[in-house]
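Input: a single structure, listed below in structure tokens.
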Amino acid sequence: MSKKCTFIGNSDITPSEIIISKSKAIVIDLIEKHNVTIFYCGGYSTFNSIMAQHINSLRNKYKNIKSFYITPYIDEYTLSNIDKDLYDEIIFPELESTPYRYRITKRNMWIIHNVDYLIAFIQHSFGGAYKTWEYVKSKKHITKYLLQCPSKKNY
């Protein structure tokens, strides 16, 4: 059975080359050794964008992988700003009844409930990526890779 992976990262931080290399190696390992063929991307961080581009670059070698953009908003502005060449499909979870300002959080929870693996790049202890990381830590069904985290004194 095919497995799924997602990525989370702070929206205002660009990961170092070391972090990018480690995350790319993890993706290849997940494809080759753990049957991960589906990748969910949220697109709201530099890390997510880098990983979406990496997944796209692997398509020639790994023909069975798929990349999905999971959007919390389904409006003209959002849809026009998605690089559709990077994704096989755009998915809008059932969020219509969720107030607009909570949709990213709800989308993140939807993703977490639907994946087997998570690769996280967290630089500070606030914001949506950090809240998602805190939420995912209690989820036993997900194998987690944390590439960077704030020090304990920031908690």
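Sequential numbering of the sequence shown, starting at 237, is according to the numbering used here. For glycine and all other residues, C-beta sits at the position ideal for the given N, C-alpha and C. Quick caveat: nothing in here was measured; it's all calculated off a predicted structure.
| Item | Value |
| --- | --- |
| CA nearest to the CA of M287, picked from G363, L354, E268 | L354 |
| Complete runs of the alpha helix (DSSP H) confined to the stretch 248-280 [at least 4 residues] | 253-270 |
| Alpha-carbon to alpha-carbon, S361 and N292 | 30 angstroms |
| Span of the beta strand (DSSP E) around F362 | Neither: F362 is in no beta strand (DSSP E) and is coded neither H nor E. |
| Reduced DSSP secondary structure (H/G/I, E/B, other) of S238 | coil |
| Identified DSSP bridge partners for I306 | I327 |
| Exposure label - N284; buried when at least 16 CB within 10 Å | buried |
| Whether G363 touches T341 by CB criterion (8 angstroms) | no |
| Sub-8 angstroms separation of I318 and F304 beta-carbons | no |
| Contact the stretch 275-284 vs the stretch 241-250: 3+ CB pairs below 8 angstroms | yes |
| Cβ-Cβ distance between T186 and I249 below 8 angstroms | This structure cannot settle anything about residue 186, because the visible part of the chain is limited to 237 through 391. |
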